[in-house]
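Colleague:
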Amino acid sequence: MTDFVTTHLVECISRYPSVIPGMADLGKQLQGLLKCSASGSPLPLWERARERGESCTEPPSPQPSPIKGEGAKSLDTLIDLYEQCYPLLEKAMWSTEPDFAPLLACYQALFREQEALIQQRPTDDRHHFILSIPVADRPPHLRACLESIYQVCTLFNYGGNASGAWDKIRIIVAEDSRDENNICRHIDLVEEYRQKGLQVFYFGLAEQYELLQSLPQRQREQLGNLLTTQPKEKFYLKGQAANRNLSYLKFLQLTEDKNRTLYYLVDSDQHFCVNRQTESGEEMVAALNYFHAIDKIFRTSDTLMLTGKMVGDPPVSPSVMAGNFLDDVTAFFTRLATLTGDQACQFHGAQGPLAGDAAYHDMAGLFGFENRPATFSYPCRLEGEHGHGACLMDFARRLNAFFFGEHLFRKTWFSYGSGFAELSPARTIYPGNYIVNYSGLKYIIPFGHLRLRMSGPTAGRLIAAEIKEHFASFNMPNLHRRTTEAGLDDDFRPGVELDGAQQSVDLSNEFERQFFGDLMLFSTEELVKQADVNQPFAQDVIETVIARKEAELLALYQQKHEAIVGKNKQLHDLVFNAGHWWLRSPELAIALRQVQAFIDNIDRNFGEHALAWRQIQSAEHRAQRKRQIVEALINYRAEQDAWDRLF
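Numbering-wise (the UniProt record's numbering), the sequence shown opens with residue 1 and increments by one.
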């Protein structure tokens, strides 16, 4: 006889029969499956409590609840009870109720227990996952990403790990580093997490090059813009798009069952967890069983490509956040001026905008969001008793992280909403959080050779026009962390140059790529409305659309430029010319130098003489970039057809 242990399910129902709607009914279903004596079963406990009108908040002492083979309707029915329980717990967990931690522990334990039951089935037709993490000179980010995957595997145990490793999860670390020391650190991390039970494969530069060369020369030439044409001796910093697309070749090599394999693309600055706002600030929680939910979506729908979103740090460049960031910094100092340095800090308990608001984007209206002229409070991260002087010192230390994409005021927070299973039509690929099945491998992020920003939204418009409802979005974001505890000196961000000695930051490369990425995106968005994406785009149609979008964007960027220049001057006057208390505090001298460095960096990157702004204003430079964009769009269909032939 097989014993099916349901200890945690019984405990959960015993604890919350009247507190969580639907839990008591679930208890009745479970009681019907259990064949045990009245004295030996914990079930009568909640029944007796309910008869007395009481809530059974304390679970019985842990004990197995055996279901003998002939006493259960079926193992499948029992496993389905867990599926019914999850959304009940989720709604309670993400409500305003204070007992988040015990609910989360119960939730995670149920998944592990259900997994043990699934292992007793004669077959398991759930998907295997192959993840790819492209990484370029970012060991701290890679460690945090791998650790988050390890935690999800440990806490939810998707696929089981009877062999000592999680059998259904494999991970490719796709190298793109130039620094040999960082390459060695990445290799060490792969080995460290292999020892912990993750099946991690190191996809190094030499192997990538050899795999690319294994393609026939004609095919390799046709795919040069997608897979890179860089020589062997400089096969690094190829860009996230090329490195990600090379991972697809490794996917094909590792695939054992193409009907039961899903491919998960992740960025190294993504964590497999979400954030929640607490009285003490931001808390990161491993509360989403990504693999379980994604497997279920692909088994029960005809989805080819699925994209999640991000919470935490904004998924956009600082070049489109400078205006609202200056608003928030100015509001911080304006409020600080009404307080005193030794007064107990008042900058605690702030709530940021919810995910999806795009409140961090200066031009959110371009994406259909409402532009709301509001400022957000600074959430001080210091613990214990401290005054505003200490708060200002910590704030000033963090300011330059803005140029690496961290917004100190406008994080996005996870919102449960309608749950995890509900799908909605997608139009944007989040490159750090999307999943495809084997058929979906044909749909990739193109134009990587242009090194433009907004590649995910651009690809999303093209793919949505082609496969429509088969491209879906779901509510399972990753936590996006632009910086790590290691600090900016141990980080790499393409297009951002940091001079640590002078505290100067050069964003010109990223800013230029942002403008022309916007031009590519909004031209593509208009193009797919006018033309058939399955046919080559006509050059005259492309050029007409680009000319119109260029004029619109130049006007918007001009407005934004003028606003930033004015706001930066206003901030400088407020901090240094208004005679406020911080100027009379010698211990704040370093902090004020850091604030001045931030103001100087804003001027350097967004002021009248900023290199990127001069490039955007240059008709000659724009003409060169437009020729590249036109050529890429003309060749899009032929390149996609060549890519399709790989599969």
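The C-beta atom is built at its ideal place from N, Cα and C for all residues, glycine as well.
Can you confirm whether the region 162-178 touches the region 202-218 when touching is taken to mean that 3 or more C-beta pairs between the two stretches lie within less than 8 Å?
Modeller: The answer is yes - the region 162-178 touches the region 202-218, with three or more Cβ pairs under 8 Å.
Colleague: How many angstroms separate the CA atom of residue 370 from the CA atom of residue 364?
Modeller: What you label residue 370 is simply residue 370 of the sequence shown in a count that begins at 1. What you label residue 364 is simply residue 364 of the sequence shown in a count that begins at 1. Distance between the alpha carbons of residue 370 and residue 364: 7 Å.
Colleague: Since I believe residue 111 is in contact with residue 157 (beta carbons under 8 Å), could you give me their beta-carbon distance rounded to a whole number of angstroms?
Modeller: Locating residue 157 in the sequence shown gives position 157, where the first residue counts as 1. Locating residue 111 in the sequence shown gives position 111, where the first residue counts as 1. With 8 Å as the limit, residue 157 and residue 111 qualify as a contact, their Cβ atoms being about 7 Å apart.
Colleague: What residue from 220, 122, 10 and 225 has the CA that sits closest to residue 452's CA?
Modeller: Start at 1 with the first residue of the sequence shown, and residue 452 comes out as number 452. Here the closest residue by C-alpha is 225.
Colleague: Taking the alpha carbon of residue 177 as the point to measure from, which residue in 17, 194 and 239 has its own alpha carbon closest?
Modeller: Along the sequence shown, one-based indexing puts residue 177 at 177. For residue 177, the nearest C-alpha among the options comes from 239.
Colleague: Going by Cα to Cα distance, which pick from 256, 117, 248 and 279 is closest to residue 98?
Modeller: In the sequence shown, counting from the first residue as 1, residue 98 sits at position 98. Residue 279 is the option with its Cα nearest to residue 98.
Colleague: Buried or exposed for residue 67, please, with buried defined as at least 16 other CB atoms from any protein chain shown within 10 angstroms of its CB.
Modeller: For the purposes of this step, residue 67 is taken as residue 67 along the sequence shown, with counting starting at 1. Because residue 67 sits at a pLDDT of 49, beneath the cut-off of 50, its placement in the model cannot be relied upon, and the following sentence gives the value as read from the coordinates. The residue is buried, with at least 16 neighbouring Cβ atoms inside 10 Å.
Colleague: Under 8 Å, do residue 20 and residue 264 count as touching if we go by C-beta distance?
Modeller: Numbered from 1 along the sequence shown, position 20 holds the residue referred to as residue 20. Numbered from 1 along the sequence shown, position 264 holds the residue referred to as residue 264. For residue 20 and residue 264, no; Cβs fall outside 8 Å.
Colleague: With DSSP collapsed to three states, give me the class of residue 387.
Modeller: Residue 387 sits at position 387 when you count from the first residue of the sequence shown. In this structure, residue 387 counts as strand in the three-state DSSP scheme.
Colleague: Taking its Cβ as the centre, do 16 or more other Cβ atoms sit within 10 Å of residue 222, making it buried, or is it exposed?
Modeller: As a first step, residue 222 is located in the sequence shown; it is residue number 222 there, counting from the start. Looking at its Cβ environment, which holds 16 or more other Cβ atoms inside 10 Å, residue 222 is buried.
Colleague: Since residue 552 and residue 461 should fall inside the 8 Å C-beta cutoff, what is the C-beta to C-beta distance between them, to a whole number of angstroms?
Modeller: Numbered from 1 along the sequence shown, position 552 holds the residue referred to as residue 552. Numbered from 1 along the sequence shown, position 461 holds the residue referred to as residue 461. Wrong, their Cβ atoms sit about 17 Å apart, outside the cutoff.
Colleague: Shortest alpha-carbon distance to residue 291 belongs to which of 78, 583 and 168?
Modeller: Stepping through the sequence shown from its first residue, residue 291 is reached at position 291. Here the closest residue by C-alpha is 168.
Colleague: Pull up the DSSP beta-bridge partners for residue 637, would you.
Modeller: The residue you call residue 637 lines up with position 637 of the sequence shown. Note: residue 637 sits in no beta bridge, so no partner.
Colleague: Grouping DSSP H, G and I as helix and E and B as strand, with all else coil, what is residue 123?
Modeller: Your numbering for residue 123 matches position 123 in the sequence shown. It is coil, neither helix nor strand.
Colleague: Beta carbon of residue 604, beta carbon of residue 610: below 8 Å?
Modeller: Counted from its first residue, the sequence shown places residue 604 at position 604. Counted from its first residue, the sequence shown places residue 610 at position 610. Yes, they are a contact pair.
Colleague: On the criterion of 16 or more Cβ atoms from any shown chain inside 10 Å, does residue 481 qualify as buried, or is it exposed?
Modeller: Counting from one through the sequence shown, the residue named residue 481 turns up at place 481. Residue 481 should be labelled buried.
Colleague: Within the same chain, show all residues whose beta-carbon is closer than 7 Å to that of residue 399, passing over the 5 residues directly before and after it, in chain order.
Modeller: Residue numbering aside, residue 399 sits at position 399 when the sequence shown is read from its first letter. Cβ neighbours of residue 399 beyond the five flanking positions: 594, 595 and 598.
Colleague: Give the DSSP bridge partners of residue 643, in chain order.
Modeller: Against the sequence shown, residue 643 aligns to sequence position 643. DSSP output for residue 643 lists no bridge partner at all.
Colleague: Just the Cα atoms here: how many angstroms apart are residue 248 and residue 261?
Modeller: On the sequence shown, residue 248 is found 248 positions in, with the first residue counted as 1. On the sequence shown, residue 261 is found 261 positions in, with the first residue counted as 1. C-alpha separation (whole angstroms): 13 Å.
Colleague: Among 146, 513 and 574, which one has its Cα closest to the Cα of residue 194?
Modeller: If you number the sequence shown from 1, residue 194 lands on position 194. When each option's Cα is compared against that of residue 194, the closest is 146.
Colleague: May I have the straight-line CA-CA distance separating residue 476 from residue 521, to the nearest angstrom?
Modeller: Numbered from 1 along the sequence shown, position 476 holds the residue referred to as residue 476. Numbered from 1 along the sequence shown, position 521 holds the residue referred to as residue 521. Cα to Cα, the separation comes out at about 25 Å.
Colleague: Quick one: give me the first and last residue of the alpha helix (DSSP H) that residue 465 is part of.
Modeller: The count along the sequence shown starts at 1 and reaches residue 465 at position 465. Where residue 465 is concerned, the enclosing alpha helix (DSSP H) stretches over 455-467.
Colleague: Less than 8 Å between the beta carbons of residue 375 and residue 328, yes or no?
Modeller: Position 375 of the sequence shown, counted from the start, is the residue given in the question as residue 375. Position 328 of the sequence shown, counted from the start, is the residue given in the question as residue 328. Contact flag set, yes.
Colleague: Would you list the one or two residues that DSSP bridges to residue 263?
Modeller: Translated into the one-based positions of the sequence shown, residue 263 becomes position 263. For residue 263, which the question treats as bridged, DSSP gives the partners 130 and 436.
Colleague: Using DSSP's beta-bridge definition, name the partner residues of residue 202.
Modeller: Translated into positions along the sequence shown, residue 202 becomes position 202. According to DSSP, residue 202 bridges with 173.
Colleague: Among the residues of its own chain, which have a CB less than 7 Å from the CB of residue 306, if the five just before and after it don't count?
Modeller: Residue 306 sits at position 306 when you count from the first residue of the sequence shown. Cβ within range, chain order: 294, 297, 434, 435, 472 and 474.
Colleague: When we look at the beta-carbon of residue 626 and count the other beta-carbons within 10 Å, is it buried (16 or more) or exposed?
Modeller: For this step, residue 626 is matched to residue 626 along the sequence shown. Answer is buried; the Cβ neighbour count reaches 16.
Colleague: My guess is that residue 133 and residue 272 are in contact by the Cβ rule of under 8 Å, so how many angstroms apart are they, rounded?
Modeller: On the sequence shown, residue 133 is found 133 positions in, with the first residue counted as 1. On the sequence shown, residue 272 is found 272 positions in, with the first residue counted as 1. About 11 Å separates the two Cβ atoms, so there is no contact after all.
Colleague: Is residue 440 near residue 304, with beta carbons less than 8 Å apart?
Modeller: For the purposes of this step, residue 440 is identified with residue 440 of the sequence shown, where counting begins at 1. For the purposes of this step, residue 304 is identified with residue 304 of the sequence shown, where counting begins at 1. Contact: yes.
Colleague: What residue range is occupied by the uninterrupted alpha helix (DSSP H) comprising residue 249?
Modeller: Taking the sequence shown and counting its residues from 1, the one referred to as residue 249 is at position 249. Unbroken alpha helix (DSSP H) run through residue 249: 240-254.
Colleague: Applying the criterion that 16 or more other CB atoms from any shown protein chain within 10 Å of the CB defines a buried residue, is residue 270 buried or exposed?
Modeller: In the sequence shown, residue 270 corresponds to position 270, counting from 1. So residue 270 ends up on the buried side.
Colleague: Do you know how far the Cα of residue 547 is from the Cα of residue 643?
Modeller: As a working mapping, residue 643 is identified with position 643 in the sequence shown. As a working mapping, residue 547 is identified with position 547 in the sequence shown. In a straight line, the C-alpha of residue 643 is about 29 Å away from that of residue 547.
Colleague: Can you tell which of 357, 423, 379 and 505 has the C-alpha that lies nearest to the C-alpha of residue 401?
Modeller: For this step, residue 401 is matched to residue 401 along the sequence shown. Nearest option by C-alpha distance: 505.
Colleague: Could you compute how far the alpha carbon of residue 277 sits from the alpha carbon of residue 101?
Modeller: As a first step, residue 277 must be located in the sequence shown, where it is residue number 277. As a first step, residue 101 must be located in the sequence shown, where it is residue number 101. Rounded to the nearest angstrom, the two C-alpha atoms are 13 Å apart.
Colleague: Cα separation between residue 361 and residue 7?
Modeller: One-based indexing of the sequence shown puts residue 361 at position 361. One-based indexing of the sequence shown puts residue 7 at position 7. Distance between the alpha carbons of residue 361 and residue 7 is about 48 Å.
Colleague: Between the region 536-550 and the region 573-580, do three or more beta carbon pairs fall short of 8 Å?
Modeller: No, because fewer than three Cβ pairs between the region 536-550 and the region 573-580 fall closer than 8 Å, the two stretches do not touch.
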